[in-house]
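Report on one structure; see the data block that follows.
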Amino acid sequence: MRKLCVCLFYGLCVFTIVFSLFWMALPKLRLPVPDPGSEAPPSSAADLAAQALPELAAQSYRLCDKGGRVAVYRCGTNGQPEVLITITGIYTNLLPENDALRIKRGVTVYSERELDLLLEDLGE
């Protein structure tokens, strides 16, 4: 009886470890984000708001790679990054491949909330 309990316990431990490794290896599901220069129609409410109201475009932020880390810029009225706000502690080369490519191309967000959510998703 004692051997059976020990075998069941070890079996449960092995199953838990295998299941945990499998779960960690699953890719995260992410929504596709169009390139900033593409002519695809905007998909989020923030994109629509930024196009409809020019004053909201001044509140946009751009994340890009600077020295191997993610940098946050505030965009001007023309939509181009103007003021460096911060260089985060997020290393670009440690991000998943898709996220690293997006950051190297530059990602524009149109609100502070969107910026916070993206930085949280990237790992800060």
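Under the working numbering, the sequence shown has 247 at position 71, and the numbering climbs by one with no breaks. Virtual Cβ for every residue (Gly too), placed ideally from N, Cα, C.
{"query": "How would you write the range of the alpha helix (DSSP H) that Lys192 sits in, first residue to last?", "result": "Reading off the sequence, residue 192 comes out as Thr, not Lys. Note, Thr192: alpha helix (DSSP H), 178-201."}
{"query": "Round the Cβ separation of Leu260 and Ala247 to the nearest angstrom and send it over; I've been treating them as touching at under 8 angstroms.", "result": "6 angstroms"}
{"query": "From Val285 to Asp241, what does the alpha carbon distance come to, in whole angstroms?", "result": "15 angstroms"}
{"query": "So, helix, strand or coil for Thr268, using DSSP?", "result": "helix"}
{"query": "What are the boundary residues of the alpha helix (DSSP H) that Asn274 is part of?", "result": "273-281"}
{"query": "What number of angstroms, rounded off, separates the C-alpha of Ile266 from the C-alpha of Gly252?", "result": "24 angstroms"}
{"query": "Work out the CA separation of Ile279 and Leu229 for me, nearest whole Å.", "result": "Confidence at Leu229 is low in this model, with a pLDDT of 49, below 50, so the placement of that residue is unreliable and no value is reported for it."}
{"query": "What's the gap between the Cα of Ala201 and the Cα of Thr268?", "result": "20 angstroms"}
{"query": "Could you check where the beta strand (DSSP E) with Tyr237 kicks off and where it finishes?", "result": "237-242"}
{"query": "Taking 6 angstroms as the limit between beta carbons, can you name the residues of its chain near Val283, skipping five residues before and five after?", "result": "Leu239"}
{"query": "List the DSSP bridge partners of Ile263.", "result": "Ala247"}
{"query": "To the nearest angstrom, report how far apart Glu273 and Pro257 are at their CA atoms.", "result": "24 angstroms"}
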